[in-house]
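Novice: Protein chains in written order, with the working numbering: chain U, 3 to 306; chain Z, 3 to 306; chain R, 3 to 306; chain L, 3 to 306.
There are 4 protein chains.
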Amino acid sequence: MDYQGIIEEIAALVRPEFGKGKVADYIPALAKVPASKFGIAVRTLSGDTFQVGDAEEAFSIQSISKVFALAQAYPIYGEALWERVGMEPSGNPFNSLVQLEYEKGIPRNPFINAGALVITDMLIEHFPKPKTRMLDFIRELSGSDDVYYDYEVTRSEREFGFTNAALVNFMKSHYNIKAPVEQVLDVYFHQCSVAMNCRELASAFLLLANHGVHPRNGQRILTKSQAKRINAIMLTCGFYDEAGEFAFCVGLPGKSGVGGGIVAVIPNELSIAVWSPELNEHGNSQAGIKALELFTTMTEMSIF
Amino acid sequence: MDYQGIIEEIAALVRPEFGKGKVADYIPALAKVPASKFGIAVRTLSGDTFQVGDAEEAFSIQSISKVFALAQAYPIYGEALWERVGMEPSGNPFNSLVQLEYEKGIPRNPFINAGALVITDMLIEHFPKPKTRMLDFIRELSGSDDVYYDYEVTRSEREFGFTNAALVNFMKSHYNIKAPVEQVLDVYFHQCSVAMNCRELASAFLLLANHGVHPRNGQRILTKSQAKRINAIMLTCGFYDEAGEFAFCVGLPGKSGVGGGIVAVIPNELSIAVWSPELNEHGNSQAGIKALELFTTMTEMSIF
Amino acid sequence: MDYQGIIEEIAALVRPEFGKGKVADYIPALAKVPASKFGIAVRTLSGDTFQVGDAEEAFSIQSISKVFALAQAYPIYGEALWERVGMEPSGNPFNSLVQLEYEKGIPRNPFINAGALVITDMLIEHFPKPKTRMLDFIRELSGSDDVYYDYEVTRSEREFGFTNAALVNFMKSHYNIKAPVEQVLDVYFHQCSVAMNCRELASAFLLLANHGVHPRNGQRILTKSQAKRINAIMLTCGFYDEAGEFAFCVGLPGKSGVGGGIVAVIPNELSIAVWSPELNEHGNSQAGIKALELFTTMTEMSIF
Amino acid sequence: MDYQGIIEEIAALVRPEFGKGKVADYIPALAKVPASKFGIAVRTLSGDTFQVGDAEEAFSIQSISKVFALAQAYPIYGEALWERVGMEPSGNPFNSLVQLEYEKGIPRNPFINAGALVITDMLIEHFPKPKTRMLDFIRELSGSDDVYYDYEVTRSEREFGFTNAALVNFMKSHYNIKAPVEQVLDVYFHQCSVAMNCRELASAFLLLANHGVHPRNGQRILTKSQAKRINAIMLTCGFYDEAGEFAFCVGLPGKSGVGGGIVAVIPNELSIAVWSPELNEHGNSQAGIKALELFTTMTEMSIF
């Protein structure tokens, strides 16, 4: 199928969303990204690529990196991974300490900050060089050596990272963090500051549309069941406290980041990445969600 | 596809689950159901029916009726329905007042008790005889006139229904209930006490596998979008505080009830109803969830 | 000591508080009370009475009645009373369901609505005519037959009493209410609508300044320990979520009501009642609290 | 009055409490304190001292030090202090993050850990050598140069101090901490590890029985109003989530620590310090609370 016309139409249709949201400003390095950026890239399992707008301009993927972290840790730890992190929607803002205290240090799912920090801790335990490995993994999946750590963002994250430091310390007090607090934060802040573009993101997420098999070299990265389960968790937990609304309006497994990126997957078919820095009140890309809603409406694609 | 062999094998494989759960005992009328009951029914869009065990024995569908209520109210109120009830997973037990207070009387979703009570209030506002209409609607969808209100359960619900009375009163204090408290409770307790069997349930839920069109008479009950959205909400909110785990392990939209029934839908394909009265700690059928997990594993069917 | 000059000065000094608060409007019967009303009455154990302003005009004592209810129930049930209601500050608004759910139906203390409803239930269990008895008890303590139920307020409470109905139903679901829901609400709404004036209130509360002995007829109503303990609970729990601030600024055991009344006690010395209908954001009388703060500052009286 | 006979009788009467509680074991340095230790010291404003048991053996005063911190900060910052910390009972365990998140980084009161950390931050801002100054302040008040930092406890606190690190980081993310995280924790952990005995503690707390004037040298440390207000906060917030029960059973302003110490004050009269390491389920000294309850019962002293 030819998606080029569709994404071009979407790029035009989402224009009214611009100015309704707000670029993330909790760290200076993100606040200076121009609000007007917009890009879409679609990669199909049949090998086609479609793109529009700023689809080749790198941006900070932020929480989207949590999926790459989980995709690394899951094959290593298997189902034992779920002893240290849950798989239920959080029903609360993404950095909530309340839920964590209530659950005695076991985060609700791997896509809230607390859960991602536990996954980071697991990667540190297994890989001698977790930061290098993360970059290698994403480069391999995306087929691009251009993916990099944006160190200005890393520094910015560190400088304003008191909430994450609170989370790690709190979980350490509940014995759910093994590495030193500083190391967990260091690896995590690097992970958040991965920079890549829509085209690369769409390529990397094809893995999850392809049931865990690398779509270009045929290598199995995740078991079929693991890929399916990561998709399920993206659907139920991928959009902070707006997960239900995204499932409702878009109906696809996906993951967003405060850098304004969203990636979604249609199993057996394709992956799609959108970037637009202005965020809605829930911290998800305002125009990005609209674009995906339009994409599913216009293509009539849905998992439901 | 011939599912008969598969469900027969499942019926054998779930035997070890028996005795692990506990029949609901919060009302006497449910407590006396024999724990050993077990049935499966599969209805396909191509018109086939497969069944095993006690698939023709009626049981109390309880919270599964919340889907029938939503399916009636949604076409009437359209998207305005979501002004009075949310669409986010609750992250809390199904009768939690905490969430409701925090959200100022707007329930998180239509499948927690509070949300279902608001939907009931909406049906009362629209239908002169909401109790009669509910039964008619389910009979029409299931193609069976045998669906009935089990009045012993109704009475039992009413006698021990103080938590639901608390919910209605609380929402009334927030102006999110319009009808008199007693009427809302009366209609709601009737709805919970609908009795029908697996075969009838599977037939009725074909509507949601068929994108909102009655599978036998071709009548459109829900728009395509509405059917898709109800499926999305079933996936994210259909299993109380175990919604994430069900999505993870089974990967299908579905709805459970404390009577031990579970119905799930594979869009474009089929619906499947399972009944086994023993519940796990989250209030979902112990063997029922296992059966559905086996069904998706053996058929390799999944939306992800 | 001659308090007349002091309270007259206070009456002048609190003038700037007028207009800063807001008359309670959650029920119509209270909303129509003139905002400009203001009265103070002081009764000493040595038998003197001092008063200023509208000290002989009856108003709705509302939550102040919770002290009269506790003072009746405590001698009957003794320390067993505390098995059904706690004695800890709530840290939450006075009708919070959250705390109650967390504590599984045991209210935090007898001065939040939930706790007062349990006390009402205990009075119903013991007295054949709890409504008559309540009025007799207050009349006896205040030495005035003019204390009465303001039935317009009673009706108004009932009409808008959905939150209280929610509380009773919720506690009944936790088996902490024995009488029928409707009866508990009926007695409670009567109790809230007791009307009396500052002079009568100050007289009645002398009991607690006098260690449980009726100051005029010498009859022991409460043991010394019970009187002391009720004072302790008034200090820690008597002012909703402003209890700490009242202890901090005023430093006396006391109780407020949304009708704008406040009563406070100086053990071994006196009791003082103030009335001013405008409430601050915490639901306590704006000018009333200021008046009491001035009284303790000017008299240098304090328990600390 | 001669309290010697009374405290000796109390020492005998509390024996049955031994073995009912549990020595604090959250840090190794506290866990090794012998459970059988027990001491009482009474200091009167008239200059008498009474003591029994291990009243001259130093122990870790832990949270009692929070009162010394507040007594230093209050005269410096005045009422502006309350812009950064509240004065309401917390209604939650003493290190709860929930309340803190709900209140957006403003701790409920200065006697929960979060609040004490803010006070520590204020002391750091004002004093060039806050650790030296703290020790000097306590030595001056207690009239003893033997008060010291138990560095083994300090190290132990630091090693297991992840919860406090979580609190400081979280408040820093809400801009309610100004000094570097590590410095606040360092000063705070020192403060917690102050070691002194019952006699010294009782002497130091005479300040609060004497309305803010040093009882031996006549120097005014706190205004009369400040002393009264610290007493009020001790009464409402001094005993974690058992504050109400302590006010109810003992009826005195006081403060406890997990080292097993409790100090209480009878304004105008005396101060009393008790030490017994076994704690009840709320983290307060089991025998210590019993001893104070007996003391008020036997002396008939109470503020109510």
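No residue lacks a Cβ here, since even glycine has one placed at the ideal position from N, Cα and C. Remember, it's a predicted structure, so these values are computed and weren't measured experimentally.
1. Hey, does Z:G103 have any beta-carbon neighbour from chain R nearer than 9 Å?
2. Excluding five sequence neighbours on each side, which residues of the same chain lie with their C-beta closer than 7 Å to the C-beta of R:P132?
3. List in chain order: all unbroken alpha helix (DSSP H) runs of 4+ residues lying wholly within the segment 152–186 of chain L.
4. Please list the residues of the segment 154–175 of chain L that have a C-beta atom closer than 9 Å to any C-beta atom in chain U, keeping them in chain order.
5. So that I know if they touch, is there some Cβ in chain R lying closer than 9 Å to that of Z:L32?
6. Starting from L:L99, find everything on chain U with Cβ-Cβ shorter than 9 Å and list it in chain order.
7. For Z:F96, count neighbouring Cβ atoms within 10 angstroms of its own Cβ and tell me buried if that reaches 16, exposed if not.
8. Would DSSP call Z:Y28 helix, strand or coil?
9. Would DSSP call Z:L281 helix, strand or coil?
10. Give me the subset of the segment 256–275 of chain R whose CB atoms are less than 7 Å from a CB atom of chain L, sorted by chain position.
11. Within 10 angstroms of its Cβ, does U:D4 collect 16 or more other Cβ (buried), or is it exposed?
12. Look at U:F248 and U:N286 and say whether their C-beta atoms are less than 9 Å apart.
13. According to DSSP, is R:T51 helix, strand or coil?
14. Less than 8 Å between the CB atoms is what I'm expecting for R:V149 and R:L210, so what's the real figure, rounded?
15. Return no unless some Cβ of chain Z is closer than 9 Å to the Cβ of U:R222.
16. Would you decide whether R:N270 is buried or exposed? Buried here means 16 or more other CB atoms lie within 10 Å of its CB.
17. By a C-beta neighbour count over all protein chains shown, 10 Å radius and 16 as the cutoff for buried, is U:K34 buried or exposed?
18. Distance cutoff 9 Å, beta carbons only. Does L:V183 sit that close to anything in chain U?
19. So, at 7 Å on beta carbons, what are the nonlocal neighbours of R:V170 in its own chain, with the 5 sequence-adjacent residues on each side left out?
20. On the DSSP letters alone, give me the boundaries of the alpha helix (DSSP H) that U:G117 sits inside.
21. Under 7 Å between beta-carbons, which chain L residues line up against R:M303? List them in chain order, please.
22. Tell me whether U:T46 sits in a helix, a strand or coil according to DSSP, three-state version.
23. Can you pull the DSSP bridge partners for L:S38?
24. In whole angstroms, what separates the C-alpha of Z:K68 from that of U:K106?
25. On the DSSP bridge assignment, give the partners of R:L272 in chain order.
26. Compare the C-alpha of U:G261 against each of U:S146, U:L208, U:S38 and name the closest.
27. So for U:G263, helix, strand or coil by DSSP?
28. Start and end of the beta strand (DSSP E) containing L:G256?
29. Determine the contact status of L:G21 and L:E280, defining contact as a CB-CB distance below 9 Å.
30. As a quick exercise: from Z:R157, Z:I66, Z:A245, Z:S92, pick the residue whose alpha carbon is nearest that of Z:I140.
31. Taking the beta carbon of Z:N115 as the centre, do at least 16 other beta carbons fall within 10 Å, making it buried, or is it exposed?
32. Count the other CB atoms within 10 Å of the CB of U:R201; is the residue buried (16 or more) or exposed (fewer)?
33. By a C-beta neighbour count over all protein chains shown, 10 Å radius and 16 as the cutoff for buried, is U:Y242 buried or exposed?
34. Under the rule that 16 or more other beta-carbon atoms within 10 Å means buried, what is L:I78, buried or exposed?
35. Of all the CB atoms in chain L, is at least one closer than 9 Å to the CB of R:K292?
36. Can you list, in chain order, the residues of its chain whose CB lies under 6 Å from that of U:E142, leaving out five sequence neighbours each side?
Specialist: According to the data block:
1. In the sequence as displayed, the identity of residue 103 of chain Z is Glu instead of Gly. So, interface residue.
2. L125, I126, V189
3. 153–161, 164–175
4. F162, G163, F164, T165, N166, A167, A168, L169, V170, N171, F172, M173, K174, S175
5. For Z:L32, the answer is no, since every Cβ of chain R falls outside 9 Å of its Cβ.
6. Within chain U, the residues near L:L99 are L99, V100, L102, E103, A168, F172.
7. Note that Z:F96 has pLDDT 47, beneath the 50 cutoff, so the model's placement of it is unreliable and the number below is only indicative. It counts as buried.
8. coil
9. strand
10. Within the segment 256–275 of chain R, those residues whose Cβ lies closer than 7 Å to any Cβ of chain L are, in chain order, P269.
11. exposed
12. Yes, the Cβ-Cβ distance between U:F248 and U:N286 is below 9 Å.
13. strand
14. 17 Å between Cβ atoms; not a contact.
15. U:R222 does not count as touching chain Z.
16. exposed
17. exposed
18. yes
19. Counting only Cβ-Cβ distances below 7 Å, and skipping sequence neighbours, we find L119, I179, V183, V186, L187.
20. Run containing U:G117: 115–128, per the alpha helix (DSSP H) assignment.
21. Per Cβ cutoff of 7 Å: no residues; R:M303 is ~11 Å from chain L at best.
22. strand
23. Looking at the DSSP assignment, L:S38 forms no beta bridge with any residue, so it has no partner.
24. 33 Å
25. Bridge partners of R:L272: R:T46, R:I268.
26. For the options U:S146, U:L208, U:S38, the alpha carbon positioned closest to that of U:G261 is the one of U:S38.
27. strand
28. 256–258
29. yes
30. Z:I66
31. buried
32. When all chains shown are included, U:R201 counts as buried.
33. buried
34. exposed
35. no
36. none
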